[in-house]
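One structure below.
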Amino acid sequence: TVSTLQCLVEQLKLEAGTERIKVSQTTAELQQYCTQNACKEALLVSVLAGSNPFWEPRSCALL
Numbered sequence: 001t002v003s004t005l006q007c008l009v010e011q012l013k014l015e016a017g018t019e020r021i022k023v024s025q026t027t028a029e030l031q032q033y034c035t036q037n038a039c040k041e042a043l044l045v046s047v048l049a050g051s052n053p054f055w056e057p058r059s060c061a062l063l
């Protein structure tokens, strides 16, 4: 239908106006960011149980 095609044209106009960046530049920036922030990443650095905000203290269910 006409309205569907109009929506498609609008979407294509938006995508055409998007700034393009080379993949090589983007991957270099991503690698640099990951290297700089690796010390803060909980999946790479172990988190102590006492400082983990998501750790739930458990107690014995029999008591």
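Just so you know, we're using the UniProt record's numbering here: the sequence shown kicks off at 1 and counts up by one. A virtual CB, placed ideally from N, CA and C, is assigned to each residue, including glycine. Values in this document were obtained by computation on a predicted structure and should not be read as measured data.
Check: Thinking C-beta only, is Ala-38 closer than 7 Å to Leu-30?
Finding: At least 7 Å separates the beta-carbon of Leu-30 from that of Ala-38.
Notebook entry, point to check: Where does Glu-29 fall in DSSP's three states?
Noted result: If DSSP states are grouped into helix, strand and coil, Glu-29 belongs with the helices.
Notebook entry, point to check: Going straight from the alpha carbon of residue 112 to that of Glu-19, what length do you get?
Noted result: Residue 112 is absent from the model: the chain starts at 1 and stops at 63.
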